[in-house]
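Per the numbering used here, residue 30 is the first one in the sequence shown, and the count goes up by one each step.
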Amino acid sequence: MTPSAASSGAGAPGVEIPAVTVAPGGTATTTLTVRNDSDIVEAYDLEAVGDCAPWTTVEPARVSLYPGTSETVTLRLEPPRSPEIGAGAVPLGVRVLPNQHPESVRVPETTVHIEEFHELRTELAPRRRRGWLRGRYRLAVRNQGNTPVRVGFTPGQAGEELGFAFSPTGPKLEPGESTEVRLRVRTGKPVWFGAPVVWPFTVHTAETGDQDTARREEARRDAAPPAVQAPLDAEFVQIPIFSKWLLAVLAALIALVLAWFALVRPAVRSAAEKAANKTVQSRPGLGDRGGQSPGAGAGDGTPTQPGGQETGGQNGQPEPGGSGPGASSGSGGGTGRTAVEQSSRTIDVRTAAGAKKTGTYRVPADTAFGITDIVVANFQGDEGVMTITFGNRKITTIALETFRNQDYHWVTPIQIAENDTVTVEVTCDKPGTPATGRRARECHEVLNVSGELSRTKR
């Protein structure tokens with residue numbers, strides 16, 4: 030390249046820089062001619078300035094010239110292949126500083142044309158997804174080129190069993206910009222039974238080529254082709270609705286149900302019927318009593334009084350070993366039976382905050398109370414401690430804040446003798462809030478005891 034002549038002043042060099050075109054990641058050179066038009070020997074320091082300075086080298090960086098002579102230096106441009114180096118025209122300047130006359134410094138400029146390059150980077154995660162009908166994936170796309178591009182996605186599959194949906198469908202990315210695209214894969218029909226089905230597919234990422242096409246078609250004619258990302262491989266594993274272990278469990282449950290109806294249930298019903306028949310036959314007045322009807326005598330022809338009492342003996346008194354008035358005949362030795370009735374009692378305790386109060390129920394004289402069930406109610410949600418005692422036996426101590434309603438049951442009744450008490454002792458720490466929504470002024474607990482109340486004397 031032959032530069033044109035440049036004007037000069039006292040000690041000012043004549044300089045000129047030809048324009049240059051360079052591709053990112055490549056190397057290009059241009060020249061700069063420095064001429065000494067002064068009348069003294071002069072040394073010149075040369076330094077690249079501007080946006081191109083980080084990747085521009087001046088060789089040599091210092092020249093010494095006699096009057097009327099010139100020297101050509103080389104400018105080496107090596108822009109990195111990075112999105113930060115945008116495509117287009119970029120100004121380049123070189124500062125030429127005379128050592129003897131620094132006031133005559135000059136900065137000649139030129140234009141560096143940076144070519145376009147295209148590069149896309151795409152990552153798919155996860156590569157393998159399991160599901161009944163659909164799977165969700167994420168595509169991370171980054172524009173590693175130095176020009177804006179619009180990206181398109183093309184799924185690929187051997188068959189037509191899968192449907193694909195991208196969101197967004199065609200994002201536009203500036204140089205160095207990245208985005209995340211959601212990919213949803215869906216099958217047409219479920220798999221009900223059997224082994225999982227693996228559906229492999231691919232995703233192709235490429236520039237769609239629809240951005241500024243008309244304007245840039247001529248500029249791209251000799252440029253690098255649009256970037257195309259290598260296809261990404263992925264799989265969707267469609268799992269069956271009913272797995273093998275679930276079918277095995279269902280088969281086992283069906284077998285157990287059939288075994289119950291075929292074997293266990295008839296045996297339980299037979300045992301229950303035998304127990305019921307035995308109970309009925311052991312009741313007084315029923316079973317084998319020589320064919321006598323209820324209320325009949327002992328079978329010796331002795332008349333009876335009304336109510337089934339025997340009238341043998343003097344003055345209508347029962348003979349030794351007989352039954353007394355109002356008593357039923359027992360099953361052995363003529364001993365009388367005690368009267369038993371179901372009974373239920375309620376103890377209501379109201380306690381002020383910070384106080385302790387006791388509620389009791391006393392078993393009447395000549396009776397015994399066999400308790401089988403108790404129900405404790407803390408309907409306000411009070412806080413504190415409740416202790417329940419049967420006679421001298423402490424049954425339980427519970428914190429009020431741990432329950433609202435609590436019940437206990439015993440198969441064998443707990444016997445409480447006559448004149449003994451069922452005692453409820455409540456220590457109120459904090460009254461609760463009932464259903465009305467207003468905090469109560471005092472704690473309020475209720476205990477209900479149920480069981481058999483039997484007479485101990487005839």
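For every residue, glycine included, the Cβ atom is placed at its ideal position computed from N, Cα and C.
What number of angstroms, rounded off, separates the C-alpha of residue i from the C-alpha of residue j?
i, j, result
"F419", "R294", "41 Å"
"G97", "G55", "36 Å"
"G413", "G399", "29 Å"
"P155", "L276", "30 Å"
"R484", "Q371", "12 Å"
"F489", "E236", "With the chain covering only 30 through 487, there is no way to say anything about residue 489."
"V49", "A263", "45 Å"
"V286", "L292", "10 Å"
"T462", "A446", "38 Å"
"V369", "L482", "6 Å"
"V102", "V125", "11 Å"
"A500", "G217", "The requested residue 500 is not part of the displayed model; the chain covers only 30 to 487."
"Q240", "Y95", "With a pLDDT of 49 at Q240, under the threshold of 50, the predicted position of this residue should be treated as unreliable, though the coordinate-derived value follows. Rounded to whole angstroms, Q240 to Y95 spans 55 Å at the Cα level."
"A381", "R470", "7 Å"
"R157", "F146", "33 Å"
"W274", "F265", "22 Å"
"T425", "G388", "15 Å"
"D80", "A90", "18 Å"
"E209", "T151", "10 Å"
"R64", "I114", "33 Å"
"I46", "T59", "7 Å"
"V178", "G117", "15 Å"
"S133", "P260", "59 Å"
"G330", "A300", "Residue confidence is low: G330 scores 40 on pLDDT, short of 50, so the model does not pin down where it sits. Its coordinate-derived value is still stated next. Those two C-alpha atoms are separated by around 40 Å."
"V455", "K486", "35 Å"
"H473", "C457", "9 Å"
"V92", "T62", "11 Å"
"V297", "A288", "13 Å"
"G383", "K459", "7 Å"
"E430", "F290", "45 Å"
"K386", "K423", "16 Å"
"I69", "P108", "38 Å"
"E71", "E100", "12 Å"
"R391", "A304", "37 Å"
What does residue i pair with, by DSSP beta-bridge criteria?
i, result
"T234", "F182, Q258"
"C457", "G413"
"H147", "DSSP output for H147 lists no bridge partner at all."
"P81", "Checking the displayed sequence, the identity of residue 81 turns out to be Cys instead of Pro. Its beta-bridge partners do not exist; DSSP assigns none."
"T86", "R105"
"L482", "E370, F398"
"W228", "F265"
"V214", "G164, F193"
"Y437", "I403"
"S99", "R64"
"F419", "R422, V451"
"S93", "A72"
"P120", "T140"
"T208", "V170"
"N477", "T375, V404"
Going by C-alpha distance, which of the options is nearest residue i?
i, options, result
"R379", "A394, T401, Q409", "Q409"
"L121", "P393, R467, E76, E144", "E76"
"R135", "D74, F182, G199, T452", "D74"
"L106", "N421, W84, H473", "W84"
"S183", "T59, A281, T234, T60", "For the sequence presented, residue 183 should be read as Thr rather than Ser. It is T234 whose Cα lies nearest to the Cα of T183."
"V404", "V475, V123, V232", "V475"
"Q258", "I376, W289, P393, V180", "V180"
"S111", "I443, V440, A300, G205", "G205"
"E189", "T465, R215, T208", "R215"
"R165", "L212, K201, G199, V123", "L212"
"P442", "V478, R467, E430", "V478"
"T396", "T450, R467, A464, G199", "T450"
"V170", "G199, S67, P393", "G199"
"V227", "L282, L191, K201", "L191"
"H438", "G480, A428, M415", "G480"
For the putative contact between residue i and residue j, defined by C-beta atoms under 8 Å, what is the C-beta separation to the nearest angstrom?
i, j, result
"E203", "N172", "7 Å"
"K407", "F432", "The question names Lys, but residue 407 in the sequence shown is Asn. So it is a contact: roughly 6 Å between Cβ atoms."
"V232", "L168", "7 Å"
"D402", "D436", "7 Å"
"V440", "I417", "Wrong, their Cβ atoms sit about 19 Å apart, outside the cutoff."
"V123", "L104", "7 Å"
"V51", "I143", "6 Å"
Report yes or no: do the segment 221–228 and the segment 262–270 share at least 3 C-beta pairs separated by less than 8 Å? yes
When you compare the segment 192–199 with the segment 133–146, are there three or more beta-carbon pairs, one atom per stretch, that lie closer than 8 Å? no
Does the pairing of the segment 147–161 with the segment 120–131 give three or more beta-carbon distances under 8 Å? no
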